[in-house]
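First the structure, in the form of structure tokens, and then the observations on it.
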Amino acid sequence: GDDTNVQVVSPRPGYFAAVWTSRDSLGNWVGTDADLVASYSSDSGTTWSVPRVLNGNAAFDSSDDVDVTIAVDEQGRLQVAWTAEAQGRELRRAGAGSRLHGSNSLDFGQTW
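Numbering (my numbering), first residue to last: 7 to 118.
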């Protein structure tokens, strides 16, 4: 797949969380539009979790999910923000265009 805009933070010592934009279909589970993907490591980056898609509509949308950014607060909570850019039929709908989305994790990136 075509992966871009990788962002990595460390919510606490030994833990890392990564988010990025990917055009990989993840075994045809999602389309080939750009989707937001996340993974985490709890062993200082030696191993990483299976990447999971953060945008819940990835299986049926055609928007490119781009411009991802991730932040961690003083308690280790993660916040991710990204832009969904409407494409094709979504762009033609009234009011369609770019939309800001977000997600958070309270467990160092294990769930969102």
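Virtual Cβ for every residue (Gly too), placed ideally from N, Cα, C.
Relative to the C-alpha of residue i, which candidate in the options has its C-alpha closest?
{"i": "D73", "options": "R105, T52, S50", "result": "R105"}
{"i": "H107", "options": "F114, T75, D113", "result": "T75"}
{"i": "S48", "options": "D71, V56, L42", "result": "V56"}
{"i": "D71", "options": "F114, D41, Q116", "result": "D41"}
Cutting at 6 angstroms between CB atoms, please list the residues of its own chain near residue i, excluding the five before and the five after it.
{"i": "R18", "result": "G82"}
{"i": "D8", "result": "R29"}
{"i": "N61", "result": "D41, L42, D71"}
{"i": "W118", "result": "L60, S109, S111"}
Give me the Cα-Cα distance between residue i and residue j, rounded to the nearest whole angstrom.
{"i": "A87", "j": "T10", "result": "15 angstroms"}
{"i": "V15", "j": "L112", "result": "14 angstroms"}
{"i": "G125", "j": "Y46", "result": "This structure gives no information on residue 125, because the portion of the chain shown stretches from 7 to 118."}
{"i": "Q85", "j": "A77", "result": "5 angstroms"}
{"i": "N110", "j": "E80", "result": "14 angstroms"}
{"i": "V12", "j": "A23", "result": "10 angstroms"}
{"i": "G51", "j": "L32", "result": "22 angstroms"}
What does DSSP give as the partner residues of residue i in its beta bridges?
{"i": "E91", "result": "D70, S104"}
{"i": "V25", "result": "Q13, A44"}
{"i": "Q85", "result": "A77, N110"}
Report the CB separation of residue i from residue j in whole angstroms; it is logged as a contact under 8 angstroms.
{"i": "V43", "j": "W54", "result": "No, V43 and W54 are not in contact; Cβ-Cβ is about 11 angstroms, not under 8 angstroms."}
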